[in-house]
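Student: Here's a structure for you.
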Amino acid sequence: MKKIIEIFKALSEENRLRIFNLVLLSNQEIFAGEISNALKKPQYTISRHIGILIKSGLIKQRRDGARIFYSLSEKTKELRINLLQFLDMIGGDFQNIFKEDFEGLREQIEKRKDGKVLNSNGDKLE
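According to UniProt numbering, the sequence shown is numbered sequentially starting from 1.
Set out below in structure tokens:
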């Protein structure tokens, strides 16, 4: 019961819900700077909320040099389709609700693919 409460508490805060939604919809590893830029929030805010999502078991992290990438936990990956269907049923057209966030993330991912990875200050990462 405690785990269920922890998961719902993790998703009950707007920033964490937005972060989780980005990780869920992107279906790939993304790093904190990309999330920060997409949501137009400071990286320390994003990091604090990511920590709660990790603790709840919804997402996981992987370090690659100076960057830390985030993705769905293995258990959450198994439930991805069910989660998307659930969110669609209870939240109406949730993909449109979070459309601006996802478009911002898509821009960040394109920059990474083009070798123009930026941190939350707009500085290029090496």
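Even for Gly, the Cβ is constructed at its ideal location relative to N, Cα and C.
#1: What residues match up with residue 128 in a beta bridge as DSSP calls it?
#2: Looking at the structure shown, is residue 98 part of a helix, part of a strand, or coil, going by DSSP?
#3: Could you pull the start and end residues of the alpha helix (DSSP H) that residue 89 belongs to?
#4: Using the Cβ count rule (16 or more neighbours within 10 Å means buried), how would you classify residue 38?
#5: For the alpha helix (DSSP H) containing residue 33, list its first residue and its last residue.
#6: With a cut-off of 8 Å, do at least 3 Cβ pairs link the segment 41–55 to the segment 7–21?
#7: Which residues in the same chain as residue 60 place their Cβ atom closer than 8 Å to its Cβ, once the five residues preceding and following it in sequence are excluded?
#8: Could you give the distance in angstroms between the alpha-carbon of residue 30 and the alpha-carbon of residue 1?
#9: Residue 158: buried (16+ other C-beta within 10 angstroms of its C-beta) or exposed?
Tutor: Answer, in terms of the structure:
#1: It is not possible to answer for residue 128, since the shown part of the chain is limited to 1 through 126.
#2: By one-based count along the sequence shown, residue 98 stands at place 98. When secondary structure is reduced to three states using DSSP, residue 98 falls in the coil class, being assigned neither helix nor strand.
#3: Locating residue 89 in the sequence shown gives position 89, where the first residue counts as 1. In the DSSP assignment, residue 89 falls within the alpha helix (DSSP H) that extends over 80–91.
#4: By one-based count along the sequence shown, residue 38 stands at place 38. Residue 38 comes out buried.
#5: Taking the first residue of the sequence shown as 1, we reach residue 33 at position 33. Counting along the chain, the alpha helix (DSSP H) containing residue 33 begins and ends at 32–39.
#6: Yes, the segment 41–55 touches the segment 7–21.
#7: Within the sequence shown, residue 60 is the residue found at index 60, counting from 1. Around residue 60: 54, 70, 71, 72, 73, 74.
#8: Within the sequence shown, the letter at position 30 stands for residue 30. Within the sequence shown, the letter at position 1 stands for residue 1. Roughly 30 Å separates the two Cα atoms.
#9: Look at the range of the chain in this structure, 1 to 126, and you will see that residue 158 is not part of it.
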